[in-house]
Amino acid sequence: MPEEAAKQRREVHYSGMVQGVGFRYTVRRIAARFLVTGFVKNLPDGRVQLIAEGRPEELKRFLDAVTAELGYYVAEKQEQLGPATGWFHGFEIRF
Numbered sequence: 131m132p133e134e135a136a137k138q139r140r141e142v143h144y145s146g147m148v149q150g151v152g153f154r155y156t157v158r159r160i161a162a163r164f165l166v167t168g169f170v171k172n173l174p175d176g177r178v179q180l181i182a183e184g185r186p187e188e189l190k191r192f193l194d195a196v197t198a199e200l201g202y203y204v205a206e207k208q209e210q211l212g213p214a215t216g217w218f219h220g221f222e223i224r225f
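Spelled out as structure tokens, the structure:
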């Protein structure tokens, strides 16, 4: 099985008190501990968008770590799952 076929893409939108509290910087710091690529970005409507790609078990551990560390700020999250695109070469904050 090709490497990208074994990977998934997760797009998560977090709402709550998620802007102005260091959310994106903390997510980037957490991502450095996992084999994931993608980005985190503030949205104009007050939500934070996180897109991550990696192996399913690694994505789960990464997103669980985000929830464990930042869940206090999150009122709601919406998550979509899809196939990895291979577009990312690291994990960054986008502005």
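Heads up: the sequence shown runs through residues 131 to 225, numbered per my numbering.
Positions of the beta carbon are idealized from the N, C-alpha and C atoms, including for glycine.
Proximity to residue i [Cα-Cα], best of the options
| i | options | result |
| --- | --- | --- |
| A135 | R185, G150 and R154 | R185 |
| E222 | E141, V151 and L180 | L180 |
Beta-carbon separation (whole angstroms), residue i vs residue j, contact threshold 8 Å
| i | j | result |
| --- | --- | --- |
| T156 | H219 | Their Cβ separation, rounded to whole angstroms, is 21 Å, which puts T156 and H219 out of contact at 8 Å. |
| G201 | R139 | Rounded, the Cβ-Cβ distance is 22 Å, inconsistent with contact. |
Three-state secondary structure (DSSP) of residue i
| i | result |
| --- | --- |
| T215 | coil |
| K171 | strand |
| G259 | Since the first and last residues shown for the chain are 131 and 225, residue 259 lies out of range. |
| R191 | helix |
| R154 | helix |
| A182 | strand |
| R140 | strand |
| R177 | coil |
| R224 | strand |
C-beta atoms of residue i and residue j nearer than 8 Å
| i | j | result |
| --- | --- | --- |
| E183 | A161 | no |
| V170 | R191 | no |
| L165 | E188 | yes |
With contact counted as at least three CB pairs below 8 Å, one residue from each stretch, are the segment 162-179 and the segment 141-148 in contact?
Output reads yes: the segment 141-148 touches the segment 162-179.
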